[in-house]
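FYI, in this note's numbering the residues of the sequence shown are -11 to 454.
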Amino acid sequence: MAVFTKLDCTESNGPEGFESPELTQEDAKLAVLNEKLKILAYHDPLTGLLNRQGFRESLDEALDEFAVWGVEPTLIFINIDDFKSVNDRYSHEVGDKLLQLVGARIAETIGPETPFGRLGGDEFAALIQRKDQPDDAVAIANSIVAGFSEPFVIDGKRLKINASCGVARASQISRDLDALIKAADLAMYHAKRSGVGGVTLFEARMLTEQEDQISLESDFRDAIKNGHFQVFYQPLVDLKTRKIVSFEALLRWPHKTRGMISPEIFVPLAEETGLIVHLGAWALREACLEAMNWPETIRIAVNLSPIQFKSPSLLATLFETIATTGLPPSRLELEITESALLGPEAANIAILEEIRARGIRVSMDDFGTGYSSLAYLQNFEFDKIKIDKRFIQNLELGLSNSAIVDAIMGICIQMGIKTTAEGIETEEQLGLVLAHGCCEGQGYLFGRPLINEDARALLARQASQA
Ligand code: C2E
Ligand code: CA
Ligand code: CA
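Here is the structure:
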């Protein structure tokens, strides 16, 4: 097999037959030039490794050999984790040098006989051919990942990076080159999703899941276009009186065949596509309009995605919604998570301050699940903190959860911030939360998310009881 693993076009003895007396000197020059062009066409100028085209040629030959000799080719796709941040933090020159060093290090791990290339960006691929030990490739992929434990040194800077690998064997799929490449790529995507520095072997279910995801995404776009979403309302109660003080607006997607789809599935999808800005603005408007049907003392809480928070249209959308729905701003609470607050703190605080200046309340959602919670409490006066349901639901189980809730409550009481305990499901949990000094709660014990008519009916019942 022709393995142009490393680029070297400075010297060439020319193609076979170059010495032939029938060839004129012009022909010979042309042949040498052709050969050089071919080498260039098959190699990546930055790293000297095979490029996508060159690697595909090697794989093509390996697949032919598989058909004849039964030596199974296995692909390893290697991708640097968070490579973009190297370019962003340092420079493209540093990024380029890193790619060269990474290429050299992987080449050293897999040995000179293994066809290896850079397919583009920070994506590398190796082609393993072993007759009797198909699991070799996974072991090799693990060694590649382990090879990244040593930092890369560039201009005196020590860069600590990781890589993820996807592995796919030709026998797992049809002997089609593109299908094999797609399988390795998919396995790599799964490796990345399961955390940094992972190795994942392709499984057939990944293809079905991917098709499923693609169809879901297409349905999602249709649902956005046709306005097929609903807002549900879950009560938040005063824990002592169990009276409703507000509702949290929670999105739902009623799907024609899959039933009601949870926001946990489609909100990330909406965030990836940027459609959350549109969807979130719709939910906000819908919730504010609905709240206009409730008694004036009942507030509405609306979730803001980090993508919405970063969107330049956020403030305009908020103020316009307040103006056109007529909802007094003091009746609106925005719930933001810590992930919305990653990035420049001063800019985030300026946005939060502007929201507050208009009289809208700001709550920190899922408190305790991130790592910047405490720092933010010092720099911005949140109206409320929602203690994440995982702490509440484990209150009965562990001392450590109890200590965390105690610590959060202690800080909030000292700073005069209201707290809401999320996910209260049992009387026992309610008792514990009350004992910790929490005043407001939300959870299935008091009510599940409801359609708007049911929420109104609940409020009417509460009014008649009063
Ligand atoms: P979240 O903001 O933490 O909302 C609370 C979630 O906890 C809701 O799930 C609610 O139904 C659930 N929950 C409430 N009480 C209990 C309980 O007692 N036990 C249990 N196990 N769960 C309880 P849901 O409606 O599935 O929403 C999930 C997440 O989706 C929300 O978490 C929020 O992050 C996101 N989401 C929902 N609606 C919107 C929206 O309009 N915009 C944005 N950006 N995100 C939304
Ligand atoms: Ca929330
Ligand atoms: Ca929450």
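Glycine included, every Cβ here is placed at the ideal spot set by N, Cα and C.
Query                                                                                                                                                                                        : Result
Just grab the DSSP bridge partners of Val463 for me.                                                                                                                                         : This structure does not reach residue 463, given that the chain is present from -11 up to 454, and the question cannot be answered.
Which term fits Tyr432, buried or exposed, when burial requires 16 or more other beta carbons within 10 angstroms of its beta carbon?                                                        : exposed
Could you name the residues of the same chain whose beta carbon sits closer than 7 angstroms to that of Ala271, not counting the 5 residues immediately before and after it, in chain order? : Val219, Ala237, Leu239 and Val290
Once you ignore the five residues that flank Asp354 on each side, which residues in its own chain have a CB closer than 7 angstroms to its CB?                                               : Thr325, Lys374 and Asp376
For the beta strand (DSSP E) that Leu63 lies in, which residues bound it at each end?                                                                                                        : Glu60 to Ile68
If I'm right that Gly108 touches Arg40 with Cβ under 8 angstroms, what's the distance once you round it to whole angstroms?                                                                  : 6 angstroms
Exposed or buried, Asp459, counting other C-beta atoms within 10 Å across all chains shown (16 or more means buried)?                                                                        : No statement about residue 459 is possible, as the shown extent of the chain runs from -11 to 454 and does not include it.
Please tell me whether, using a cut-off of 7 angstroms, the distance from the CB of Pro437 to the nearest non-hydrogen atom of ligand 1 is below it.                                         : yes
Could you have a look at Gly99 and say whether DSSP puts it in helix, strand or coil?                                                                                                        : coil
Taking Leu189 as part of the beta strand (DSSP E), name the residues at either end of that continuous run.                                                                                   : Val187 to Leu189
Listed in chain order, which residues are found with a beta carbon closer than 5 angstroms to a heavy atom of ligand 2?                                                                      : Asn291, Glu323 and Asp353
Identify which residue in Phe370, Leu365, Gly398 and Gly356 has its Cα closest to the Cα of Arg378.                                                                                          : Gly356
If you follow the beta strand (DSSP E) that Ser152 is part of, which residue opens it and which one closes it?                                                                               : Ala151 to Arg157
Can you check DSSP and say which residues form a bridge with Lys374?                                                                                                                         : Thr408
Would DSSP call Leu438 helix, strand or coil?                                                                                                                                                : strand
Using 7 angstroms as the cut-off, classify the Cβ of Asp376 as near or not near the heavy atoms of ligand 4, replying yes or no.                                                             : Annotation note on ligand 4: not contained in the displayed structure, which lists ligand 1, ligand 2 and ligand 3 as its ligands.
For Phe6, does the three-state DSSP call read helix, strand or coil?                                                                                                                         : In this prediction, Phe6 scores a pLDDT of 47, lower than 50, which makes its location untrustworthy; the coordinate-derived value is nonetheless stated afterwards. If DSSP states are grouped into helix, strand and coil, Phe6 belongs with coil.
Under a Cβ-count criterion, where at least 16 other Cβ atoms within 10 Å of its own Cβ denotes burial, should Glu274 be classed as buried or exposed?                                        : buried
Buried or exposed: which applies to Met483, given that a residue is buried once 16 or more other Cβ atoms fall within 10 Å of its Cβ?                                                        : Any answer about residue 483 is impossible in this case: the structure gives the chain only from -11 up to 454.
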